[in-house]
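The block underneath contains the structure these notes are about, expressed in structure tokens.
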Amino acid sequence: MPLVPTPSLARWVHPKFLLCALLLGYGGYNVGFLSRESVDTSALVSILQGATRGDPLRAPVVGPRPPLLHRPNAVTTVQAAHATVTTVVTEYIAVPPREPESPRVLKGLPTDAFRDNLQPGTQYITSWPGSGWTNDVMLVINLIYLALLTERVPIVPFFVPLHVSQNNFERGQTLDFGEVFDIPRLSKAIRKPVLEWWEVKNRSTETVDTLGCWNLWQAVSSKHDTPHWTHTPVRLNIDVSYTQAPSWIQLYEDDSNHMKFSSLSALSFPQKRSESLLAPAPAPRTGAVLPPDQQVLCYDNLYWANDHEQHELEKSDYSPAWRFVGHHLHWSNKLQDIGDMYIREALGVPATDPIPPYIAVHARHGDFVERCDIQTADECFTPLPALARRVEEVQSELLRTHGLAVSLVVMTSDEKDPDWWNEVSGYGWKRLDHSETAERYGFWYPILIDAVVQSGSTGFVGTDQSTVSFLAGRRVKGWRNGVTRFAKWGSPQADDH
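Residue numbers (the numbering used here): 14 to 510.
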């Protein structure tokens, strides 16, 4: 008996119904997708309408989708008036993109010769500290900011004990940048890798490297007859050949110290570099004569770098170096924990309770006595009653602007006179107990803990002209939305106002 096609089979193989089956399958796919992400359903309707008009099929335009994750196949059945179509739907789920991995900026572990560890396609930048700890922190902030401007990877040096161990400066214990500051947090915030020199060059190697660097110190003033001296390259076993930079790096024409970031940045690029090259001075140990290195851009000292005016990192709210780098330079977890422990002990706060708001005072004496001319220290430094007035101003502003009545006050100072500290106690102010700090943690830690405690305050009273105070004030305002004042000194009436 001959086979006669049934009406249903004829309908199935008819081109019109084949097209409908395909469209229904496409609809089943989008039904599955609709359970996972938003889809422009009007686009699907327009396709179906277009098919009835005989228009060519067009995929809907729904914008770029995030990466898709495959899910196991699912069976979807779609019924129509004259057909039942079963389709296998491959389902995909949108997943959030991963954060990009940090680029690999070194070949591996520290090497004896630092160049053996550099990536050929990567450019770096460095500078040398040697102006006291707080000034060197500011130097590093400027270094990293200049790294952003020049699109280079900063290699941060360790801190050298200029102020904490002046008698043993050349051999005293250095301090790693990463022991003080949270480098991973900083790198994430500025979206740039930040290296330390110990990651690049082996600490214990006796291999002496040579490096060509820019001499900025002599370029900004005829009074300077050498590059800015520091023992840091010697400790790193790097012998530096310096090239004097052009005088146009000065911030102002008659400025004897300050220099401009944009001018320093220009020296990192081929055109201005080649136009500005003078004869390099021989390196002191090897006698090597080298122009400024092009892969590892190097400056003798960056503390004095500014964008618009002198000391803007310390005093100006617009400071790009602070806003783009310094604001993100938070304490390491270890140092923060130690500082919190000391402030709890000083205030009598149990470890289980939150630290209450407090006001920190920084009375810098120490090396400032050298600026007191013929006056005695008592006549030169801000007297305690004047500091107390400043504390009251901070308390009043905190109450008015924050609704906080802050009575706890902590004094931090390098003063050694026990009579002066007894007078401090008479105000009811607290102090940190550093009697065993150096023995427990090392001679760097008294000043580090003081800095952590200062930055953790809600209100701060500092010493005018002190970079320690200015940087502490920056942190209090930037991190705590706190209130700050700076007491003047130089005579008993200097802070009268």
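Built from N, CA and C at the ideal position, the CB exists for glycine as well.
Which same chain residues end up closer than 7 Å to residue i when comparing Cβ atoms and leaving out the 5 residues on each side of it in sequence?
i, result
"Ala401", "Tyr440"
"Thr218", "Asp125, Asn250"
"Val481", "Thr147, His375, Arg377"
"Asp189", "Phe171, Glu209, Trp211"
"Thr220", "Asp125, Ala126, Asn250"
"Val419", "Pro370, Tyr371, Ile372, Gln408, Leu411, Thr471, Gly472"
"Thr223", "Asp252, Ser254, Ala296, Thr299, Ala301, Leu303"
"Ser332", "Glu325, Leu326"
"Asn215", "Pro123, Thr124, Asp125"
Excluding the 5 residues preceding and the 5 following residue i in the sequence, name in chain order all residues of the same chain whose CB lies nearer than 6 Å to its CB.
i, result
"Arg71", "Its pLDDT being 34, under 50, Arg71 is placed unreliably by the model, and nothing is read from it."
"Met424", "Val374, Val437, Trp442, Arg444"
"Ile196", "Val207"
"Gly121", "none"
"Thr450", "Tyr458, Pro459"
"Ser234", "Ser269"
"Arg286", "Leu280"
"Glu114", "For Glu114, the pLDDT reaches just 49, beneath the cut-off of 50, and the residue's location in the model is therefore unreliable, leaving the point undetermined."
"Thr19", "Confidence in Thr19 is poor, its pLDDT being 46 and thus under 50, which makes the residue's placement too unreliable to answer from."
"Val74", "In this prediction, Val74 has a pLDDT of 39, which is less than 50 and means its spatial position is unreliable; nothing more can be read from the coordinates."
Would DSSP call residue i helix, strand or coil?
i, result
"Phe456", "coil"
"Leu119", "strand"
"Gly439", "helix"
"Ser140", "strand"
"Val423", "strand"
"Thr450", "helix"
"Glu209", "strand"
"Phe473", "strand"
"Arg498", "strand"
"Leu310", "strand"
"Arg214", "The residue you asked about is not Arg; residue 214 is Lys in the sequence shown. Correct three-state label for Lys214: strand."
"Gln8", "Since the displayed the chain opens at 14 and closes at 510, residue 8 lies outside it and no answer follows."
"Phe172", "strand"
"Pro167", "strand"
"Lys490", "helix"
"Thr480", "helix"
"Thr299", "coil"
"Phe190", "helix"
"Lys285", "helix"
"Lys201", "helix"
"Thr124", "strand"
"Gln263", "strand"
"Leu131", "strand"
"Gln257", "strand"
"Asp509", "coil"
Please tell me whether, using a cut-off of 6 Å, the distance from the CB of residue i to the nearest non-hydrogen atom of the ligand FMN is below it.
i, result
"Leu188", "The ligand FMN is not part of this structure, which contains no ligands at all."
Going by CA-CA distance only, name the one from the options that's closest to residue i.
i, options, result
"Thr245", "Leu484, Gly145, Asn494, Trp434", "Gly145"
"Arg493", "Phe381, Phe499, Trp211, Leu411", "Leu411"
"Tyr158", "Ser275, Phe127, Arg357", "Ser275"
"Glu436", "Pro396, Gly475, Ala464", "Pro396"
"Leu131", "Gln308, Gln408, Cys226", "Gln308"
"Val508", "Ile372, Trp230, Ala399", "The residue asked about is misnamed: residue 508 is Asp in this sequence, not Val. The candidate whose alpha carbon is nearest that of Asp508 is Ala399."
"Arg403", "Gly475, Phe337, Asp320, Phe456", "Gly475"
"His447", "Glu383, Met354, Ala390", "Met354"
"Gly503", "Ala390, Val153, Ile154", "Ala390"
"Met151", "Ala318, Glu383, Gly455", "Ala318"
"Lys328", "Thr135, Pro505, Thr497", "Thr497"
"Cys243", "Gly143, Arg216, Leu484, Asn215", "Here the sequence assigns Thr to residue 243, which means Cys is not the residue at that position. It is Gly143."
"Leu156", "Lys205, Pro116, Thr187", "Lys205"
"Phe394", "Glu428, Met272, Arg357", "Glu428"
"Phe381", "Cys226, Lys501, Val489", "Lys501"
"Asp320", "Ile351, Lys273, Ser345", "Lys273"
"Val213", "Arg128, Thr187, Ser278", "Arg128"
"Asp306", "Ser140, Glu383, Asp330", "Ser140"
"Leu310", "Glu322, Thr256, Ala294", "Thr256"
Taking 8 Å as the limit between beta carbons, can you name the residues of its chain near residue i, skipping five residues before and five after?
i, result
"Leu208", "Val118, Leu119, Tyr137, Val166, Pro167, Ile168, Val169"
"Thr239", "Trp230, Gln231"
"Leu417", "Pro370, Leu411, Thr471"
"Glu406", "Arg498"
"Lys511", "Because the chain here runs from 14 to 510, residue 511 falls outside it and cannot be looked at."
"Glu521", "Any question about residue 521 goes unanswered here, given that the chain covers just 14 to 510."
"Gly191", "Glu209, Ser345"
Does residue i have its Cβ less than 7 Å from a Cβ in chain D?
i, result
"His244", "Here there is only one protein chain, and chain D is not present."
Report task. Would you mind listing the alpha helix (DSSP H) stretches within the region 219 to 254 that are 4+ residues and don't spill past its ends, in chain order? Result -> 230 to 233, 245 to 248
Query raised in the report: Would the region 289 to 300 and the region 264 to 271 be scored as touching if the rule is three or more Cβ pairs under 8 Å?
Result: no
Requested in this report: Entirely within the region 361 to 425 and at least 4 residues each: give me those alpha helix (DSSP H) ranges in chain order.
Outcome: 390 to 393, 397 to 415
Report task. Determine contact between the region 195 to 205 and the region 219 to 234, defined as no fewer than three beta-carbon pairs at a distance below 8 Å. Result -> no
Query raised in the report: Are the region 365 to 373 and the region 336 to 351 touching by the rule of at least three beta carbon pairs closer than 8 Å?
Result: no
Requested in this report: Assess, as a yes-or-no matter, whether the region 312 to 319 is touched by the region 459 to 466 under the definition of 3 or more beta carbon pairs within less than 8 Å.
Outcome: no
Query - Length-filtered (4 minimum) alpha helix (DSSP H) runs lying within the region 311 to 338 - result: 325 to 328, 333 to 337
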